[in-house]
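Using my numbering, the letters of the sequence shown map in sequence onto residues 9 to 77. Ideal Cβ positions, reconstructed from N, Cα and C, are used throughout, including at glycine. Scroll down for the structure; my scribbles are underneath it.
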Amino acid sequence: MAKRFPIHPANPGRICWGCDRYCPADSLQCGNGSIATPHPSELFGDDWMSWGLDSDTAEPPRAPDTVSE
9 MAKRFPIHPA NPGRICWGCD RYCPADSLQC GNGSIATPHP SELFGDDWMS
59 WGLDSDTAEP PRAPDTVSE
């Protein structure tokens, strides 16, 4: 069984988030690359759970802008 993924970790930069081991960023054990995988909050901001395919909001997608010639 996989570990629960923390939504808002205290210090996300100290841990590699690439697998279920959550190794220290300077001591990777899984060989999943040579650098630590960042937490989504580091990449996308603290509101990373409020958008995307599994978002809590039920906002419909916008229609693409059409150009009439």
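Under the three-state DSSP convention, the category P32 falls into | strand
From what residue to what residue does the alpha helix (DSSP H) around S49 run?
-> 48-52
Give me the Cα-Cα distance between M57 and P17, rounded to the nearest whole angstrom.
-> 13 Å
Should C24 be labelled buried (16 or more other beta-carbon atoms within 10 Å of its own) or exposed?
-> buried
Straight-line gap, D55 to S49 (C-alpha atoms, nearest Å) = 7 Å
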